[in-house]
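Trainee:
Protein chains in written order, with this note's numbering: chain A, 1 to 333; chain B, 334 to 666.
1) Do residue 67 of chain A and residue 169 of chain A have their beta-carbon atoms positioned less than 7 Å apart in this structure?
2) DSSP beta-bridge partners for residue 504 of chain B?
3) Along the chain, where does the alpha helix (DSSP H) that runs through residue 610 of chain B open and close?
4) Using CA coordinates, which residue listed in B/453, B/500, B/513 and B/462 is at the minimum distance from residue 351 of chain B?
5) Indicate whether at least one CB of chain B lies closer than 7 Å to the CB of residue 90 of chain A.
6) For residue 405 of chain A, which of A/287, A/201 and A/13 has the nearest alpha-carbon?
7) For residue 489 of chain B, which of B/465, B/534, B/568 and B/417 has the nearest alpha-carbon?
8) Are the Cβ atoms of residue 451 of chain B and residue 435 of chain B separated by less than 7 Å?
9) Can you tell me where the alpha helix (DSSP H) holding residue 409 of chain B begins and where it ends?
10) Run through the segment 226 to 264 of chain A for me and flag every whole beta strand (DSSP E) of 3 or more residues, listed as ranges in chain order.
11) Leaving aside the five residues before and after residue 184 of chain A along the sequence, list all residues of the same chain whose C-beta is less than 7 Å from its C-beta, in chain order.
12) In whole angstroms, give me the CA-to-CA distance for residue 16 of chain A and residue 332 of chain A.
13) Tell me residue 519 of chain B's beta-bridge partners as DSSP assigns them.
14) Measuring alpha carbon to alpha carbon, tell me which of B/583, B/384 and B/653 ends up nearest residue 642 of chain B.
15) In the DSSP assignment, find the alpha helix (DSSP H) that holds residue 440 of chain B and state where it starts and stops.
16) Residue ranges of each alpha helix (DSSP H) run of no fewer than 4 residues wholly in the segment 184 to 218 of chain A, ordered along the chain?
17) Quick one: is residue 210 of chain A near chain B, going by C-beta distance under 7 Å?
18) Establish whether the CB of residue 345 of chain B and some CB of chain A are separated by less than 7 Å.
19) Could you round the C-beta distance between residue 543 of chain B and residue 632 of chain B to whole angstroms and report it? I think they count as a contact, below 8 Å.
20) Kindly indicate the opening and closing residues of the beta strand (DSSP E) around residue 6 of chain A.
21) Tell me the rounded alpha-carbon separation between residue 1 of chain A and residue 433 of chain B.
22) Any contact of the segment 526 to 542 of chain B with the segment 612 to 623 of chain B, i.e. 3+ C-beta pairs under 8 Å?
23) Pull up the distance between the alpha-carbon of residue 551 of chain B and that of residue 535 of chain B, whole angstroms please.
24) Specify the secondary structure class of residue 370 of chain B as computed by DSSP and reduced to three states.
25) Keeping to the same chain, check which residues put their C-beta closer than 6 Å to that of residue 327 of chain A; ignore five residues upstream and five downstream.
26) Quick one: what's residue 665 of chain B bridged to in DSSP?
27) With contact counted as at least three CB pairs below 8 Å, one residue from each stretch, are the segment 52 to 68 of chain A and the segment 128 to 137 of chain A in contact?
28) On the criterion of 16 or more Cβ atoms from any shown chain inside 10 Å, does residue 619 of chain B qualify as buried, or is it exposed?
29) If you draw a straight line from the C-alpha of residue 589 of chain B to the C-alpha of residue 196 of chain A, how long is it?
30) At a Cβ threshold of 7 Å, is residue 4 of chain A touching chain B?
31) What residue from B/662, B/655 and B/621 has the CA that sits closest to residue 396 of chain B's CA?
32) Excluding the five sequence neighbours on either side, which residues of its own chain have a C-beta within less than 6 Å of the C-beta of residue 356 of chain B, listed in chain order?
33) Quick one: is residue 472 of chain B buried, meaning 16 or more other Cβ sit within 10 Å of its Cβ, or exposed?
34) In the structure shown, what three-state DSSP assignment does residue 654 of chain B receive?
35) My understanding is that residue 161 of chain A touches residue 31 of chain A, with C-beta atoms under 8 Å, so please give their C-beta distance in whole angstroms.
36) Measure the alpha-carbon distance for residue 50 of chain A versus residue 476 of chain B and round it to whole angstroms.
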């Protein structure tokens, strides 16, 4: 069996982060930690798609500024989003005189990008890489499900796509929390076909990567202060704890899911937040700050993605899922 | 300005390749070099999308076999395609117990993937990485343009989406042509809005990456035996030669475009082939064999991509383009 975990020995650091969130997310329980909250869901643009693109640019610009460097100091933008042909990322990248590496693993894109950026900087190929991803409730809803105007009733196991964009600047050397390892996930498909029940579909993928990570690193759950998944939601998070526990790894004491903490759970959101922007804004604000402030020192971050499209659903396919894990750690004092 | 070129000093090699092509491609001028040609455009599946997915699996399996190794020797599959949410790649990856890194830069995905795989292997993070991409005339046509049944007339500047999938196995060390450098492209947009005129839209992106490559490596066009672009087509290739020449780099003597050589140009194909599968099958058969046989020893391969979607076209956006370059070289005897 090939090895799934890459170790980064030169401490590629997350030098800075930035998060851009919509009003609903800004009103949520961790809303105060987002760097920028906008009120109008069009973000001053004519279409939701252009709004999403602007969110992503705003996050990238914010990351670069927070890093104390300029655009010319960034060697690449590693970015992707949920729209067909990842157009938010591609159109955002158009405004920079910086190489663009487009990636897509659905809502696992943030941790996928961090892993790629860690390899590019740790290996000495680049000095600083901006990793960014986004989602927008209104672009995702009309692409994946139904026109908003239809007013479809949402089933209780559904989640709410987060409007937000997050960016991390990964730097060769320097100070700050470092990406010390990445476990790349494989595709896991348990045959679930309900596109409204993503949390349950994605939990086995998160478990697979988690257990692979523990086996290949020799670590146990207690090595980490927090094990953070992307957007399993409340139900999916319970599923993950349960099935991981059954396999001998108890994560019930230190597991948190970004989708579960982003909203005050009420009728609309049901199981919590989802979308590539969900883990992107929570990791690049709430989690990153806790690391910077040394409230926590070791985090395993696993964004989780469902790799379906409307056409695969129409053709009766089940939902393949994936999760990539990155270990982010402070240096011992 | 950041550096756009990464140098790989540990000679990550392309240990093996495999190409799967449709009947039309098999009947073309270089049809005999493809490893596998299938007659039925459904490839024995019920839908064109499932056929594309099977093409990709066939290419990955072929690459692994040609390499003389097993699936368990592959540390990651780096793959993407043109379908929404790159579902061909994701669903193909489902059949392997191997980490999956989804990427998307439209028809520039093959060289993007080779560059990422080179970094992952050269840096010591992985031993062997399968890089694969595909396109299928019938899936692309109905997603990007019109239903096939409509029988729309194609304008003379249009190209024909290649049905094909290619795979390269990039290996840490070993024998064979090595990826010695990669120049990552930035997004270039000259304001072209005609989705039937991709060659002209993409040529400036190829030029930008080419010139950046020459400047950052100190090389001139004559360093290479061949400078291979992806799918500019006949007109786009002429545009590239012209504008690159105007900037002081004459590539007229050693430039070839995969899209230009894949078909016997007649009425249907107009400017030649396009699609992520175009450069994937030409590079992973015709070009790779010439390298292996030492007919040529230094190749610069620039797959070229147009980063549009139907929604950006509908919203009146122009076409952002990109091209990533990889230098593939034999060791001196």
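Idealized CB from N, CA, C, for every residue including glycine. Just so it is clear, the structure is predicted and the values come from calculations on it, not from any experiment.
Mentor: Taking the definition as stated:
1) yes
2) B/346 and B/461
3) 609 to 615
4) B/500
5) yes
6) The structure shown does not extend to residue 405 of chain A, since chain A spans only 1 to 333, so no value can be given for it.
7) B/568
8) no
9) It is not in any alpha helix (DSSP H) - residue 409 of chain B instead sits in the beta strand (DSSP E) that spans 409 to 414.
10) 226 to 229 and 255 to 257
11) 4, 115 and 324
12) 19 Å
13) A/99
14) B/653
15) Counting along the chain, residue 440 of chain B falls outside any alpha helix (DSSP H), and DSSP gives it neither H nor E.
16) 198 to 217
17) no
18) no
19) Their Cβ separation, rounded to whole angstroms, is 13 Å, which puts residue 543 of chain B and residue 632 of chain B out of contact at 8 Å.
20) 5 to 7
21) Here residue 1 of chain A scores only 44 on pLDDT, less than 50, and its place in the model should not be relied on; the value that follows carries that caveat. Approximately 15 Å, taken between the alpha carbons.
22) no
23) 24 Å
24) strand
25) 180, 181 and 300
26) For residue 665 of chain B, which the question treats as bridged, DSSP gives no partner whatsoever.
27) yes
28) buried
29) 48 Å
30) yes
31) B/621
32) 372
33) buried
34) strand
35) With a Cβ gap of about 17 Å, residue 161 of chain A and residue 31 of chain A do not count as contacting.
36) 21 Å
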